[in-house]
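Since the structure comes first, as structure tokens, the remarks are kept for the end.
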Amino acid sequence: MRLHRNLTFAVIDSIRDIFNAGEYADKAVEKALQRDKRWGARDRKFVAETIYDIVRWNRLYAEIAEVKVPYERDNIWRLFSVWCVLRGIPLPDWNQIGDVPVRRIKGKFDELSKIRKYRESIPDWMDELGAQELGEALWTKEIAALNKQAEVVLRTNTLNTTKEMLQRKLKVENIETESITDYPNALKLVERANVFTTESFHEGLFEVQDASSQLVAAYLDVEPGMKVVDACAGAGGKTLHLAALMQNKGQIIAMDIYESKLKKLKIRARRNKAHNIDLRVIDSTKVIKKLHEKADRVLIDAPCSGLGVLRRNPDSKWKLQPEFINEIKKTQQEILQNYSKMVKPGGKMVYATCSILPSENRQQVDLFLTSEAGKCFTFVKDSNIYAHLSGFDGFYMALLEKK
Ligand SMILES: C[S@@+](CC[C@H](N)C(=O)[O-])C[C@H]1O[C@@H](n2cnc3c(N)ncnc32)[C@H](O)[C@@H]1O
């Protein structure tokens with residue numbers, strides 16, 4: 001592989017913005033890709049993947065390069081050189097690169113790879129928490145899987161097409177996909193591509209949604225005609241799936257505390273031709289009270305640490321703090337306590353997170369079930385989805401039924 005200066009400069013600037021100015025990696029990548037409209041698909045792939053790689057392996061590379069945040073520009077070049085050496089990419093003869101101690105880099109890599117927190121490039125606290133909650137063996141396998149690059153998975157919008165028709169149409173648009181066993185509406189891209197520019201996307205034939213995430217709406221056991229509340233709807237990944245499972249019949253009330261997210265959902269719903277969704281901003285407790293015992297189904301796709309989706313958000317490793325996880329756990333329990341009241345007797349509720357930590361998952365459900373609000377619920381089933389077993393994101397979902 002031959003390195004190109006302008007592409008590499010885009011990478012270096014993005015690393016600076018992410019680590020020195022706290023920019024989100026996905027935003028930094030988006031900005032970098034807008035730098036030059038003439039870049040082709042391969043150039044864009046190089047820029048995006050290299051930025052994500054250096055973010056993902058930041059602790060390991062920084063340890064090898066002996067550099068610390070905030071990074072001086074020379075030090076970002078040292079990180080980049082480590083990336084080149086470990087990927088076996090010939091170092092270019094550029095001023096910024098200088099003499100690179102190739103053998104020392106490889107030696108340090110071998111030495112650090114013996115220690116999990118360096119090998120998997122994670123902060124000390126995260127390594128301790130993961131091992132404490134999941135046990136050494138499970139955490140070792142899971143964190144390794146969460147460091148892999150996520151595949152691009154689509155969910156067929158069955159309101160507008162079938163999986164087979166979508167697959168054929170995408171092929172015409174030069175996008176090869178594969179079905180995934182046990183995920184009825186999922187198609188996996190054979191090669192990464194920008195699917196958002198396709199006609200199929202603009203016609204609302206699919207959404208990009210990880211395979212594990214596609215299990216959540218189905219877990220709620222909805223039927224056409226029901227009244228369903230999606231209490232933490234965000235931009236509506238699961239709401240749109242619910243609309244498809246309900247064949248546009250009945251009512252979905254999609255809520256969130258952020259109006260900006262619901263606005264995005266509105267745009268997506270229009271593209272998906274999902275017509276049974278009402279949006280409601282949670283700006284007071286009244287919004288919830290009005291729906292007490294009114295819903296056949298309630299989905300709580302709770303805010304969480306996001307530890308199950310590190311593959312697609314590797315910068316969370318550096319942005320996440322243990323204090324945030326403790327705070328979000330309190331919110332999760334409050335949400336369970338308050339929003340469960342919307343379920344009508346005989347109705348069902350799913351509590352889901354994209355975390356793999358038992359303290360955000362089963363332990364929250366158990367705590368809820370022993371509380372006053374949870375007394376009238378029975379536990380039906382739950383599912384821990386691990387990235388190392390599924391090959392997709394880490395997720396948790398529990399199904400509860402109101403007596
Ligand atoms: C895991 S995300 C939801 C993702 C979304 N369901 C999807 O499938 O695309 C959690 C959501 O909960 C929202 N949230 C945070 N605190 C909340 C609260 N107290 N009540 C309702 N929603 C809340 C966040 O704004 C965020 O959109």
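Residue 154 in the working numbering sits at position 154 of the sequence shown, with consecutive numbering throughout.
Even for Gly, the Cβ is constructed at its ideal location relative to N, Cα and C.
From the options, residue whose alpha carbon lies closest to that of residue i
i      : options                          : result
Ser121 : Lys108, Ile105, Asn58 and Asp382 : Asn58
Lys141 : Ile356, Phe379 and Ile105        : Ile356
Ser404 : Thr50, Val281 and Met1           : The structure shown does not extend to residue 404, since the chain is modelled only from 1 through 403, so no value can be given for it.
His202 : Asn160, Gly234 and Ala231        : Asn160
Glu401 : Ile385, Leu367 and Phe379        : Phe379
Arg116 : Ala145, Ile97, Thr158 and Glu327 : Ala145
Asn6   : Asn384, Asp36, Leu367 and Ile18  : Asp36
Gly98  : Asp182, Glu334, Lys27 and Ile76  : Ile76
Chain-order list of residues whose beta-carbon lies under 6 angstroms from that of residue i (same chain, five-residue window excluded)
i      : result
Arg44  : Leu33
Trp318 : none
Ser113 : Arg119
Ala65  : Arg78, Leu79 and Val82
Asn384 : Tyr396
Residue burial classification, residue i (beta-carbon count within 10 angstroms, cutoff 16)
i      : result
Gly374 : buried
Ile267 : exposed
Gln364 : buried
Ser81  : buried
Asp432 : Nothing in the structure corresponds to residue 432, since the chain is present only between 1 and 403.
Pro410 : In the structure displayed, the chain extends from 1 to 403; residue 410 sits before or after that span and is not available.
Trp125 : exposed
Arg42  : exposed
His241 : buried
Arg168 : exposed
Lys330 : exposed
Val309 : buried
Thr239 : buried
Span of the alpha helix (DSSP H) around residue i
i      : result
Gly237 : Gly237 to Leu245
Thr50  : Ala41 to Arg56
Leu215 : Gln214 to Tyr219
Arg268 : Glu259 to Asn272
Leu108 : Per the sequence shown, the amino acid found at residue 108 is Lys instead of Leu. Residues Val102 to Leu112.
Asp127 : Asp124 to Leu134
First and last residue of the uninterrupted beta strand (DSSP E) at residue i
i      : result
Phe206 : Phe206 to Val208
Glu401 : Phe395 to Lys402
Tyr183 : Tyr183 to Leu189
Ala352 : Val343 to Thr353
Phe19  : Taken as a continuous stretch (DSSP letters only), Phe19 belongs to no beta strand (DSSP E), being part of the alpha helix (DSSP H) at Arg5 to Ala21.
Asp382 : Phe377 to Ile385
Met255 : Gln251 to Asp256
Val298 : Ala295 to Asp301
His156 : Note that residue 156 is Thr in the sequence shown here, rather than His. Val153 to Thr156 is the extent of the beta strand (DSSP E) around Thr156.
Lys227 : Lys227 to Asp230
Spatial neighbours of residue i in its chain, beta-carbon cut-off 8 angstroms, leaving aside the 5 residues before and after
i      : result
Met246 : Val222, Glu223, Pro224, Gly225, Met226, Val228, Ile252 and Asn276
>> Within 8 angstroms, do at least three Cβ pairs link the region 382 to 399 to the region 212 to 222?
In response: yes
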